[in-house]
Each structure stands twice: as C-alpha cells, then as structure tokens.
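Okay, so the sequence shown: first residue is 0 according to numbering that gives the first Met the number 0, each after it adds one. Report on the structure given below.
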Amino acid sequence: MMWWDVARGWAQEEPLAMLSVLACEGSAPRGPGTRMLVSAARTWGTIGGGALEFQAVEQARRVLDLPPGTWRIQDYPLGPLLGQCCGGRVRLLVEHLDAQSLAPLQGLSERGGADGALLVSHFGATRIDRHWIAQGQPTPLSARGKSPRRERG
0 MMWWDVARGW AQEEPLAMLS VLACEGSAPR GPGTRMLVSA ARTWGTIGGG
50 ALEFQAVEQA RRVLDLPPGT WRIQDYPLGP LLGQCCGGRV RLLVEHLDAQ
100 SLAPLQGLSE RGGADGALLV SHFGATRIDR HWIAQGQPTP LSARGKSPRR
150 ERG
C-alpha cells in the first residue's frame, strides 16, 4: 500500500500529519522523498528511527493542534543535539493534512500510481497546494540555508 492510500484513509477517520524528508546532507538514515504518517495514536512508515524520528513524531503531533493545512520546516543536525551518530543533517516538512490537501491524489492508485510523475508542491500562506506533472527531474534541495517561505495572500 502506498502512502497516499493510507493518508486518504486516515484523513477520513482522524487528524493526520505527514513528515517528508525534503533534503539531507552527509550521513542520514533516509533520503529525500521519504514520508511518514502520524496521528495522535499511530504511525505509518519511518523516516529512519532513532532520536530524529522520535523528535519529528512529537513535532507532527503538535502540528495536529493547529488548523489543517498548517505546515512547518524543521532542520535537524544529526550529531550531538539528537545524540545520533550519523553526523548528517535532515530538513523535514511537517504538515497537517486533511481531505482537501489530499484531493490531487484522488484516484492515483486506480491509475496505477504515479508512474514516474512528480508531485509538485506550492507552499502557500495557509496550506500546501499540490499537482502532478507527467515527468521530469526533481530539483535537489539543500539541507541548509533558506527554507521555503509562506507566501502572503
């Protein structure tokens, strides 16, 4: 089962957050594009375990107290701060999903999945809007420097 199938099902039942690895640098447990779903009582998937995942799940559960569509970018150095020996750096997107934010994924499984398509995300002031493009190469993101900003609107 793919993450979008699980997310659509959970969003009908309970508040849902998603953790997405946006970028990593150096040694990190999982690479960009890795996703994990979090509700108040359960999780699906993993972003690599350990202290990083523990902190990220805690952050995701705090986002559930905010309105659907809320998102945050979190940067985690994987050294002494988290007590992980990886030594790399991970940039995570933490977002509170709802049925509306998952609408672009509707029918994806019935069409055989993304088949190499890219899910494009536009970071707005109060939510992330998504759409699929047929094909292309993702632009690599840095785990340092400027994070995506909320657009005013």
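Cβ atoms here follow ideal geometry from the backbone N, Cα and C, with glycine treated the same way. All values reported here derive from a predicted model rather than from experimental measurement.
Grab the span of the alpha helix (DSSP H) containing Asp4 for me, first residue to last. Within the sequence shown, residue 4 is the residue found at index 5, counting from 1. Its alpha helix (DSSP H) spans residues Trp2 to Glu12.
Between the alpha carbons of Ala74 and Gly25, how many angstroms are there, rounded? Along the sequence shown, read from residue 1 onward, the residue named residue 74 stands at position 75. Along the sequence shown, read from residue 1 onward, the residue named residue 25 stands at position 26. It should be noted that the sequence gives Asp, not Ala, for residue 74. About 14 Å.
Residue nearest to Gly32 in terms of C-alpha spacing, selected from Ser38, Ile46 and Ala55: Position 33 of the sequence shown, counting from 1, holds the residue named residue 32. Among Ser38, Ile46 and Ala55, the Cα nearest to that of Gly32 belongs to Ile46.
Cα separation between Leu15 and Ala39? The count along the sequence shown starts at 1 and reaches residue 15 at position 16. The count along the sequence shown starts at 1 and reaches residue 39 at position 40. Distance between the alpha carbons of Leu15 and Ala39 is about 8 Å.
In angstroms, rounded to a whole number, what distance separates the CA positions of Arg60 and Glu13? The residue you call residue 60 lines up with position 61 of the sequence shown. The residue you call residue 13 lines up with position 14 of the sequence shown. Computed Cα separation, rounded: 12 Å.
Closest by CA to Leu77, which one among Leu51, Gly68 and Ala55? As a position in the sequence shown, residue 77 is number 78, starting the count at 1. Taking only the C-alpha atoms, the option nearest Leu77 is Leu51.
Would Met35 and Leu18 qualify as a contact pair, given that the criterion is a beta-carbon distance under 7 Å? Counted from its first residue, the sequence shown places residue 35 at position 36. Counted from its first residue, the sequence shown places residue 18 at position 19. Between Met35 and Leu18, the C-beta gap is smaller than 7 Å, which places the two residues in contact.
Buried or exposed for Glu109, please, with buried defined as at least 16 other CB atoms from any protein chain shown within 10 angstroms of its CB. For this step, residue 109 is matched to residue 110 along the sequence shown. Note that Glu109 scores a pLDDT of 47, beneath 50, so its modelled location is shaky and nothing firm can be said.
If you drop the 5 nearest sequence neighbours on each side, which residues of the same chain put their C-beta closer than 6 Å to that of Arg29? Translated into the one-based positions of the sequence shown, residue 29 becomes position 30. Same-chain partners within the cutoff: Val20, Ile46 and Gly47.
Could you tell me if Val119 is buried or exposed, where buried requires 16 or more neighbouring beta carbons within 10 angstroms of its beta carbon? For this step, residue 119 is matched to residue 120 along the sequence shown. Result: exposed.
Candidates Gly87, Gly8 and Asp97, of which the one nearest Trp43 by Cα: Walking along the sequence shown from the start, residue 43 turns up at place 44. Among Gly87, Gly8 and Asp97, the Cα nearest to that of Trp43 is on Gly8.
Please classify Glu109: does DSSP put it in a helix, a strand, or coil? On the sequence shown, position 110 is the one that residue 109 refers to. Because the pLDDT at Glu109 is just 47, under 50, the model does not fix this residue reliably, and the value given afterwards should be weighed accordingly. Under the three-state reduction of DSSP, Glu109 is assigned to coil, being neither helix nor strand.
Tell me, to the nearest whole angstrom, how far the beta carbon of Pro67 is from that of Leu96; I am working on the premise that it is less than 8 Å. By one-based count along the sequence shown, residue 67 stands at place 68. By one-based count along the sequence shown, residue 96 stands at place 97. Right, their Cβ atoms sit about 7 Å apart.
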